[in-house]
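Note that numbering that gives the first Met the number 0 has the sequence shown beginning at 0, numbered continuously upward.
All C-beta atoms in this analysis are idealised placements derived from N, C-alpha and C, irrespective of residue type, glycine included.
From a predicted model like this one, the values you see are computed outputs, not experimental measurements.
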Amino acid sequence: MKAVVMTGTGDPSVLQVVEQGEPQLQQPTDIKVQLHAAGINPVDTKLRQRGVFFEDALPAILGCDGTGTVVETGEQTTRLKVGDRVWFCHGGLGREPGNYAEYTVLPEAVARPLPDAIDFTTAAAGPLVLITAWEALYDRARLHKGQSVLIHAGAGGVGHVAIQLAKLAGARVITTVSDDDKAEFVRQLGADKVINYQKENLVEAVMELSKGYGVDVAFDTVGPAVFNQTLSVITHYGQLVTLLDPGKEVDWSVARQRNLSISLELMLTPMLTDLPQARAHQGEILDRCAGYLHSEQLKLHVSKTLPLAEAAQAHQLIEQGHTRGKIVLQTGV
């Protein structure tokens with residue numbers, strides 16, 4: 000089969016297309032999937048630059064998000080059969096092979112049924128960002144109807160689904176973008192108010208939009224500088240969830256004076272530390288999201304599709320930082 004292999008750490012040129020044997024079932028509860036598409040996430044580019052999570056794991060196949068058709072099942076599988084359409088977030092971190100390939104093997108429990116009405120390419124854009132946004136907003140922040148939420152980088156992979164999940168919860172959404180085209184894009188997703196951080200002061204804009212109250216919940220997908228700014232726009236006893244390390248320069252006195260709850264979100268934890276109950280919960284999230292996608296209450300935006308052999312170009316595009324939604328590799332039929 001064809002696969003894109005990370006041969007070392009560095010720029011996108013370390014991603015090489017190779018021919019190798021198809022993976023084989025390792026456990027009686029495994030399934031083999033012919034991959035149709037693989038989502039590209041920023042974590043893929045970071046692993047390529049800095050190294051994967053496990054030692055002595057190179058060469059490695061990246062890519063956590065995959066969709067495809069079951070072509071073989073282990074003797075102890077119970078839910079899925081040959082021919083079933085599936086989507087999942089599995090592998091790509093250095094231990095198990097990822098999805099920049101034509102085939103993969105994974106535990107049956109991790110793969111979730113994909114409704115016929117959802118095409119493989121669109122679905123491949125979803126698992127990691129959907130689980131991330133769901134866990135951040137619903138599990139960590141307990142976002143509910145009537146609350147206000149600030150979602151940073153609303154046009155990005157996580158941001159564009161976070162806006163929609165927040166609206167499904169009945170929240171009022173304020174989001175940040177970098178240009179007018181992205182502003183129009185997030186309005187179409189349901190954002191109530193949009194802040195162009197290139198033209199407006201974040202703190203002043205949020206406080207004006209909230210009439211001095213601040214937001215009940217904030218979701219930081221950007222990093223330390225934005226995290227620090229955001230502390231000042233959350234109302235007393237509010238919630239801040241971040242995907243990234245806040246850094247060493249945080250003025251925690253602001254959070255303390257406001258009695259804020261600070262949460263960290265890393266949806267990769269169950270994969271890194273083998274937490275079956277957490278993996279099962281993430282599977283349930285995908286099942287719920289499949290229902291929302293099928294009923295068109297939720298949409299995944301794929302800004303560009305590329306063939307498997309152009310994975311390096313996909314990484315370059317993500318690192319330029321101007322992508323709306325997601326980029327997807329078409330890995331097979």
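Within a 10 Å sphere around the beta-carbon of L34 sit 16 or more other beta-carbons, which makes this residue buried. Rounded to the nearest angstrom, the Cβ distance from E101 to G331 is 5 Å, consistent with a contact under 8 Å. Under the DSSP definition of a beta bridge, S260 partners with Q238. The beta-carbon distance between I60 and G20, rounded to whole angstroms, is 13 Å. This is too long to meet the 8 Å contact definition. Residue V4 holds the alpha-carbon nearest to the alpha-carbon of G93 among V4, L136, R84. Take the alpha-carbon of G62 and the one of A279: they are about 20 Å apart. In the DSSP assignment, I117 falls outside any beta strand (DSSP E) and carries neither an H nor an E. Between the C-alpha atoms of Q256 and N195 there is a straight-line separation of about 28 Å. With contact defined as three or more Cβ pairs closer than 8 Å, the region 234-243 and the region 214-224 are in contact.
In the three-state DSSP reduction, D43 falls in the helix class (H, G or I).
Under the three-state reduction of DSSP output, L14 falls in the strand class. Taking a contact as a CB-CB distance under 8 Å, the pair I173 and L208 counts as one, their CB atoms being some 6 Å apart. Rounded to whole angstroms, the Cβ separation of L285 and P126 is 6 Å, and the two are in contact under 8 Å. In the pairwise beta carbon analysis, the region 159-177 is classified as not touching the region 63-78: fewer than three pairs are separated by under 8 Å.
Nearest in C-alpha terms to E248, of all of F226, P269, I130, V232, is F226.
Excluding residues up to 5 positions away in sequence, V32, Q33, L34, H35 lie with their Cβ nearer than 6 Å to the Cβ of G67 in the same chain. Annotated as distal: T103 and R49, with beta-carbon spacing of 8 Å or more.
Using a Cβ distance threshold of 8 Å, D115 and R139 do not count as a contacting pair. When rounded, the separation of the alpha-carbon atoms in T121 and N40 is 14 Å.
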